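Numbering (the working numbering), first residue to last: 1141 to 1493.
Written below as structure tokens is the structure these notes are about.
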Amino acid sequence: MPDFSTLILKSIFMHQILLVGEGQDRSFGLALTDVPVELNDRDRGFLRSRFVDALRSGALAIIPNDEVDTPTPSLVAKHIEEPGLKALSHDLAERLVAAQRMNAKSGILVVADAVMEGKTSVLIAKVEHQEAMQAKTKKLPNGDRALSIKRIPDLVFGDQNRIYKVAILSPDAEEQANISGYLADVQNSGRFATYFISEFLGMRLGDEPEVLTKKFMDTMTEAISASSMDAEAKMEAQAALSVTLKSNSQSLDPRRFVKDHIPQVHQTFVFRAALERGAPPVPFNKDIKMVKNNLDNIRIQLGSDISIVAPTEAIGSDSRIKVERNKENSVAETYNITIPDVPLENVKNTRSR
């Protein structure tokens, strides 16, 4: 993942997406603007921080989707080559209105020139539009104190306003016409609305479900191993990982997995360690075709040259292969492993692994 904290916002256009009409005559309309919004440094910094937080918490890589016909990638590429943010933002607003379903929400479309990691980019976001009340105290001529209430009908950003979706698009370093980037769909808890990612942006996820599933398994395994959990907790977590991957669920949620299967005191470390290693930060569709051969057994590495491979359900303090903390060793963390009452079927030389 890129360093989203390097995001810099330059010129920003905002257009209102309106829901007009009633009943079957309802449709989306536009209230377009012709000049960039005026923001002081404090407000610009606040806006930037909200976008950075959204991207950090849920962005996945997106690349052009050759199976859909939408002008957004070419419009962005043209703008980066020949800047014209007003025209780009108007075109994108019209495209969004044409693409989104009637069950989508109205709001504000934000289109901004941006730089991230030194790379010229375009930020596109759909955010909540709220009305708010502003309260001010004042003193009356007779000395009494009063509260003045003023409605603010066009509040765009506040602490409680939601960012529905935010994308950052950039050209390829070698081919400016090739546009790719990152998208966070906060509104759908990480699942990406088809109308937005495909019909509006003209993109698809950069990694297929089977690749994301393998990343999830590999990075979560590494994070569990790197944690300070004891051996039994690590084995239980690894067994839960295998069960989760083999379940009938059609999707995987890394954050939910950590919350459900990692001891609370270790949850923050494991989740962060998995993200640092490339785990998807949001729920995604599951496909185990690349990992299904690795889900039946667990390998326990004992020191540098001894290992045990056994079915997931056969290992644990209450299982056939008992792994228990050696409480008599106060100097180092060691374990007693017992495999009682099993036949010795075969002994042979083998190569090291």
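Yeah, the Cβ is synthetic: ideal placement off N, Cα and C, and Gly gets one too.
Please read these numbers as outputs of a predicted model, since none were measured by experiment.
- Counting every other CB atom within 10 Å of its CB across the protein chains shown gives L1195 a total of 16 or more, marking it as buried.
- Judged by DSSP secondary structure, Q1156 falls within the beta strand (DSSP E) whose first and last residues are I1148 to V1160.
- Residue state for D1253 is assigned as strand, using DSSP reduced to three classes.
- L1352 places its beta carbon less than 9 Å from that of F1424.
- If you draw a straight line from the Cα of K1355 to the Cα of M1375, it comes to about 19 Å.
- Membership of D1231 in the alpha helix (DSSP H) is indicated by the continuous run L1225 to A1239.
- Around N1437, the same chain offers V1449, A1450, P1451 and T1452 as residues with beta carbons nearer than 8 Å, after the five sequence neighbours per side are excluded.
- Judged by beta-carbon spacing, M1154 lies beyond the 9 Å limit of L1225, meaning their Cβ atoms are not closer than that value.
- For M1430, the closest alpha carbon among the candidates V1463, K1386, S1447 and I1440 is that of K1386.
- L1232 is positioned such that its CB atom lies no closer than 9 Å to that of R1188.
- Between P1223 and D1183, the CB-CB gap reaches or exceeds 9 Å.
- Around the beta carbon of T1474, a 10 Å sphere encloses fewer than 16 other beta carbons of the protein chains shown; the residue is thus reported as exposed.
- Take the alpha-carbon of E1315 and the one of F1332: they are about 27 Å apart.
- Listed as beta-bridge partners of T1260 by DSSP are V1255.
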